[in-house]
Each structure stands twice: as structure tokens, then as C-alpha cells.
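Residue numbers (this note's numbering), protein chains in the order written: chain R, 38 to 226; chain A, 38 to 226.
Shown next, in C-alpha cells, is the structure this report addresses.
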DNA sequence: TCTAAATGCAACAGGGGTGACGCAGTTCTG
DNA sequence: CAGAACTGCGTCACCCCTGTTGCATTTAGA
């Protein structure tokens with residue numbers, strides 16, 4: 038199946054969107070759920086899923102592609118190369134958190150190691166490090182800090198914030214993440 | 038299968054250990070690997086795996102139980118209730134990292150949400166918070182810090198450190214984790 | 001040494017997911 | 001409106017994993 042040469046009809050395009058969103062819901066709850074469960078959640082026949090996505094991997098690929106596209110867009114909107122580093126850091130964090138809250142499975146999948154997404158991961162990591170380097174130049178990050186480690190910690194904090202059930206407002210979560218990233222949990226001088 | 042009433046013979050006990058270690062290797066690389074792959078990695082017939090573990094869940098249960106037992110032991114050895122908080126924090130972190138490096142799959146499994154391991158998770162979290170509270174009393178952690186969030190961040194940092202390929206020495210990794218937890222990546226006063 | 005336990009091997013039944021097919025009915029779109 | 005595209009439904013074959021059984025052989029341990 039899958040023929041991407043001819044543009045899809047409007048209703049077919051709608052089906053694709055519906056399936057992607059249903060897959061996110063179902064796979065977030067159970068990553069090994071069958072495509073039949075996905076189809077059921079989408080209110081669609083199983084065969085339709087197979088018509089639109091050659092196999093399970095193709096479906097996941099589409100979800101990941103979708104997430105990367107969203108991240109690309111919302112991050113760009115924060116002007117991470119020109120805005121003041123601290124402002125950009127807060128903005129990017131809140132935006133990424135919003136994406137993560139809406140697409141937890143696809144987001145997790147996007148960042149699992151493996152050669153499949155390495156290009157997308159690398160591109161994102163580069164933008165992240167670039168922003169951190171600007172923050173470093175501004176004195177927000179210690180000059181001797183390892184930006185690779187810093188980036189890892191940043192990702193991890195975003196992941197934890199998304200699992201923090203106490204808070205639902207992305208802005209507040211972002212503030213906590215950035216604060217913890219920069220100052221840790223120790224006493225303030 | 039599975040008969041835990043009668044004590045196992047020495048060679049059977051050895052088989053169990055071999056299977057557990059093989060399962061760790063195989064499942065760490067591919068969490069959905071078949072029991073046949075596990076058996077092959079253990080140099081054992083598939084039926085032997087089924088003889089020792091009633092089903093896949095029982096095998097994972099044994100791995101998780103093993104990890105919790107190890108954690109309990111190595112943490113207790115650090116005297117987290119009596120040793121100076123900073124010393125205990127370093128010791129516990131290094132010890133837990135050692136366990137995590139040896140049993141990455143079982144460790145991840147032990148901390149995945151779900152009612153199955155909640156008691157073990159809760160018990161561990163309590164010990165963690167207790168240690169953090171002592172650190173708080175010593176002024177290592179800010180008085181206004183949210184210990185729940187702090188504990189989450191601590192877990193996440195340990196997880197990231199274990200994935201940090203640059204470093205292999207648990208002591209050095211622990212130092213980095215504790216330092217980042219307490220002070221973040223910002224400049225030092 | 002002798003018995004009970006453990007293992008390997010082959011084979012079996014069962015279940016579930018996957019992918020494909022044709023066909024009839026519906027929906028878009030030029 | 002007419003043809004093309006899309007969907008639902010039933011059905012099919014296939015494959016892989018799971019769990020179990022019986023039997024011959026090896027091994028541990030009293």
C-alpha cells in the first residue's frame with residue numbers, strides 16, 4: 038500500500054489526521070497496541086489504516102515527522118538566535134512542553150536512540166546547543182559547563198516536567214525547568 | 038510451570054541466574070524480544086525458560102525483584118540515615134548508578150508507572166525523600182525546595198548520567214549528578 | 001552408586017497481529 | 001453529473017510467539 042505520488046483527496050487527508058491523533062492516544066497508553074486498536078480509536082476500519090500506512094513503522098514515522106515539524110515551527114517562533122537567551126529559553130521550553138503534552142508517544146519515540154531519527158535529533162540538538170552557547174555568553178550558564186551534558190539535563194527536565202502531575206500550565210512548568218537547569222535545587226546565595 | 042515450594046537444585050539455580058542475565062542483555066537491546074532470543078542468549082532451550090518462569094511477566098518480575106533487592110542492599114550500605122547527607126548522597130548515587138549500568142532494562146522497568154511495582158517504588162522514594170530532607174536540614178537543599186520535584190529531578194539526572202557515553206566511572210558520574218542537582222549549570226557565585 | 005531432578009529436543013495447539021484482496025456502497029471533485 | 005477516489009466489510013493466508021507435553025539423556029547429590 039501507500040502511494041504518495043498522487044495528492045490525497047480531502048476526506049483521505051482527514052482520515053490520515055484522524056488516524057495519527059488516534060494512534061497518539063492509543064500508543065501513549067500502550068506502545069504495543071495493535072493497529073486494530075488504533076483503527077477502532079480512530080473510528081475507522083483496520084484496512085483503512087493499512088491503506089494509508091504501509092506498515093506500523095510507516096505510521097510511527099509519520100507521527101515522528103509530525104512532531105519534528107511542530108517542534109521546528111514553535112521553536113522558530115521563539116527566535117532562539119536573536120531573542121535574549123533567557124527569554125528564548127523560557128519560550129522554547131514552554132513551546133516544547135506544549136508539544137510534548139499533546140504528543141507524548143511521538144515525542145518519546147522521536148528521542149529514542151537509533152539511527153532512524155538521528156538526523157532530526159542532531160538538528161534539534163544543534164539548535165539547543167546554539168541557544169545554550171548564547172546563554173553561556175550572557176553568563177547564564179557557567180563558562181566551564183559541558184554543553185552536551187547541559188543539553189541532556191535540559192531534555193530530561195522537560196521530560197520530568199511533563200510527567201509532573203501537579204502542574205498543567207506550560208508556562209509555569211517552563212519556569213521551573215529553566216530555574217532548576219540554571220540553579221539546581223540548592224539554596225540561593 | 039514454576040514450582041517455588043521445593044528448593045531448586047544447584048544447576049537449576051545456575052540456570053535461573055544465567056537466564057536472568059541473558060534476559061537483561063537481550064531486553065535492554067530490544068524490550069519486545071521473544072523468549073526464544075532470551076533462551077538463545079542464555080545458551081538454553083526455550084522450554085527451560087518456560088520451566089523456570091511461568092510466563093514473560095514472571096521473568097520480568099524476577100528481574101525487577103532482583104534490582105530492588107540490589108538497590109536495597111547497596112543503599113543501606115551507604116548509611117543514608119546516619120552518614121553526612123552530602124557523603125550519603127554521593128555514595129547512594131554512585132551505588133545506584135552501578136546497579137543501573139549493570140541492569141539497565143530491569144532498572145527502567147522497575148520505575149515505569151503502573152500498579153505492579155508501586156510498593157517498591159514508594160519505599161525507595163521515601164528513602165530518597167528522607168535523605169533529601171536531611172540534606173535540606175543541612176542547608177544543601179533550599180528550604181523552599183519541593184522535595185517531590187527534587188526527587189524526580191534526581192532520578193532523571195541519574196538516568197541521564199547512565200546514558201552519558203563520555204563517562205564510565207560511577208564515582209565521577211555521581212559527582213556530576215549531585216553537583217548538577219544542587220547547583221544546576223549556571224555560574225558559581 | 002542410585003535416584004530424583006534437570007535439560008534438550010521435537011512436536012503440538014492456540015492466539016493474535018499483519019498484510020492483502022475483492023466488492024459494494026459512499027463521497028469527493030472536475 | 002459522471003468518473004474517480006475512498007471506505008467498510010468480510011475473508012484469506014501467513015507468520016511469530018506462547019505455553020504445554022512426552023521422552024530420552026545428562027547431571028546433581030544423598
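Where is the CB? At the ideal position from N, CA and C, for every residue including glycine.
query, result
"Residues near residue 61 of chain A in its chain [Cβ-Cβ closer than 7 Å; skip 5 each side]", "100, 140, 142, 143"
"Residue range of the unbroken alpha helix (DSSP H) whose run includes residue 156 of chain R", "155-174"
"Cβ of residue 40 of chain A within 9 Å of any chain R Cβ", "Confidence at residue 40 of chain A is low in this model, with a pLDDT of 49, below 50, so the placement of that residue should be treated as unreliable; the coordinate-derived value is given next. Answer no: the Cβ-Cβ gap between residue 40 of chain A and chain R never drops below 9 Å."
"For residue 86 of chain R and residue 75 of chain R, the rounded distance between their alpha carbons", "8 Å"
"Span separating the alpha-carbon of residue 40 of chain A from that of residue 198 of chain R", "Residue confidence for residue 40 of chain A is low, a pLDDT of 49 falling below 50, so the modelled location carries little weight; the figure read from the coordinates is stated next. Approximately 44 Å between the Cα atoms of the pair."
"Contact set between residue 75 of chain A and chain R, taken where Cβ atoms lie within less than 8 Å", "Under the 8 Å cutoff, chain R gives no residues; its nearest Cβ is about 17 Å from residue 75 of chain A."
"Three-way DSSP call (helix, strand, coil) for residue 187 of chain A in this model", "helix"
"C-alpha gap between residue 56 of chain R and residue 168 of chain R, whole angstroms", "35 Å"
"Residue 91 of chain A, DSSP secondary structure in three states", "coil"
"Cross-chain neighbours of residue 220 of chain A in chain R, by beta carbon under 8 Å", "220, 221, 223"
"Other residues of its chain near residue 135 of chain R: CB distance less than 6 Å, five sequence neighbours each side excluded", "207"
"Own chain residues within Cβ distance below 7 Å of residue 180 of chain R, not counting five before or after", "173"
"Cutoff 6 Å; reference residue 191 of chain A; Cβ partners in own chain excluding five residues on either side", "218"
"Inter-residue Cα distance where the pair is residue 194 of chain R and residue 215 of chain R", "9 Å"
"is_contact[residue 190 of chain R, chain A] using C-beta, thresh 9 Å", "yes"
"Residues of the region 154-180 of chain A with Cβ closer than 8 Å to any Cβ of chain R, in chain order", "176, 177, 178, 179, 180"
"Minimum Cβ-Cβ distance from residue 186 of chain A to chain R less than 9 Å", "yes"
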